[in-house]
Structures are given as C-alpha cells and as structure tokens.
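Down below is the structure, laid out as structure tokens.
Right, here's the structure in full:
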C-alpha cells in the first residue's frame with residue numbers, strides 16, 4: 000500500500016530489454032520528471048472541481064427548467080461548455096503524463112528493438128510538433144479574441160482560449176521527457192551490449 004492507502008497499479012510486463020520502445024509504450028512508464036509530476040498532482044483536484052462545477056451547474060439548470068418558479072440560468076449552457084473545454088485541456092496533459100491514454104502496440108511489438116525505438120522517437124517528435132502548433136495557434140487565438148466577450152456570461156474569450164497553449168505546453172514537456180528517456184535507454188542498451 001502507498002501512503003494514500005491505495006494499492007499500487009500492477010506493472011505491465013515486457014520482454015527483457017524491450018521496455019519503453021513500442022510506439023504506445025509511452026503510456027506504460029512510471030511518470031518521470033519531478034516538476035511535471037508536481038504539476039499533475041495539482042491539476043488532478045482542479046480537474047475534479049471543474050467536473051463537479053459542471054455537474055452542479057447542469058443539475059441546477061435542469062431543475063430551473065423543470066420548476067418555473069426558479070430563476071432561469073441562461074448562462075448554464077455556456078458555462079458548462081467552457082468548463083468542459085478547460086477540463087479537457089488540463090486533462091489531456093495530466094492523462095498523458097499518468098499513462099492513461101489508449102495505445103495499441105500489437106503491431107509495434109512484433110518489430111525488432113531498433114524499429115520500436117525509431118517508432119517511439121517518431122511518435123514523440125510528432126507529439127512535440129503537435130504541441131508546438133497548439134501553443135502557437137493558442138497564443139494567436141488569445142490575442143485575436145482579447146477584447147471579445149462571451150455571449151451569456153460576458154467573460155473575456157481570451158480566458159477560455161488560454162487552455163489551448165497550456166495543454167500544448169503540458170504535452171510538449173511530457174513528450175520531451177519521454178524522448179530523452181528513449182535516448183537514454185538506447186544508450187544504456189548499447190553500452191550493455193558491448
């Protein structure tokens with residue numbers, strides 16, 4: 000049992016010397032990077048609170064429609080959309096770091112170690128490229144919509160769109176850590192072979 004009282008997840012067994020090189024194996028490694036692990040620990044309760052707020056607002060809006068004596072929550076639909084957007088943006092990076100995204104490794108597991116390593120490098124490089132696009136265009140969306148207010152809540156739209164570059168930064172940092180790990184394991188495997 001760990002400190003929190005929850006049992007540790009069982010380790011996924013991989014053939015000796017093959018750990019971490021399948022295209023989807025980035026989902027199965029122990030989280031690395033102390034700073035990113037701390038950020039994810041902070042994000043998890045924030046994501047839960049966003050989900051809770053979304054649920055409460057939706058329930059309140061539903062009750063307001065059922066009972067005409069209650070005041071209408073005209074802003075509820077917009078609020079739940081933005082909360083869902085933020086929950087998704089923060090959840091993508093946290094789930095990636097914790098290895099919770101779906102991966103299919105049946106094809107990549109059939110290839111030799113060098114091909115698996117190359118596939119892992121290509122995967123992480125592609126993820127970093129996507130994260131860079133998210134950061135770049137997310138910042139552009141923030142600046143383009145800086146003065147625009149949302150229709151119902153009158154919230155600046157730049158507050159909503161700032162989730163895109165934050166999500167991109169989380170993906171980029173995780174992919175960079177994983178890419179460094181692949182190169183380190185490759186050097187260690189080559190050193191042991193000699």
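In the numbering used here, the protein residues as written are 0 to 193. Note that beta-carbon positions come from the ideal geometry of N, C-alpha and C, so glycine has one too.
Beta carbon of residue i nearer than 9 Å to that of residue j
i, j, result
"residue 131", "residue 171", "yes"
"residue 96", "residue 169", "yes"
"residue 58", "residue 69", "no"
"residue 105", "residue 79", "no"
"residue 48", "residue 60", "no"
Same chain only: Cβ atoms within 6 Å of residue i, ignoring 5 sequence neighbours per side
i, result
"residue 159", "81"
"residue 207", "The requested residue 207 is not part of the displayed model; the chain covers only 0 to 193."
"residue 127", "171, 174"
Nearest-angstrom Cα separation, counted from residue j out to residue i
i, j, result
"residue 54", "residue 99", "23 Å"
"residue 180", "residue 124", "13 Å"
"residue 152", "residue 76", "10 Å"
"residue 108", "residue 102", "12 Å"
"residue 164", "residue 149", "19 Å"
"residue 155", "residue 112", "50 Å"
"residue 167", "residue 133", "5 Å"
"residue 25", "residue 184", "Unreliable positioning characterises residue 25 in this predicted model, as indicated by a pLDDT of 42, which lies under 50. The coordinate reading is nonetheless provided below. Going by the C-alpha atoms only, they are around 13 Å apart."
"residue 84", "residue 50", "11 Å"
"residue 129", "residue 74", "33 Å"
"residue 39", "residue 86", "13 Å"
"residue 115", "residue 65", "56 Å"
Three-state class that DSSP yields for residue i in the structure shown
i, result
"residue 164", "helix"
"residue 155", "strand"
"residue 148", "strand"
"residue 174", "helix"
"residue 182", "helix"
"residue 106", "coil"
"residue 101", "coil"
"residue 187", "helix"
Contacts around residue i, its chain only, beta-carbon distance under 8 Å, and the 5 residues preceding and following it disregarded
i, result
"residue 43", "93"
Alpha helix (DSSP H) segment containing residue i, residue limits
i, result
"residue 96", "75-97"
"residue 69", "Residue 69 -> no alpha helix (DSSP H), and no H or E assigned at all."
"residue 123", "112-143"
Spatial neighbours of residue i in its chain, beta-carbon cut-off 7 Å, leaving aside the 5 residues before and after
i, result
"residue 120", "178, 181"
"residue 52", "82"
"residue 88", "162, 163, 165, 166"
"residue 157", "141, 144, 145"
"residue 135", "none"
Proximity test, Cβ basis, 9 Å: residue i and chain D
i, result
"residue 129", "Any reference to chain D falls outside this structure, which holds one protein chain only."
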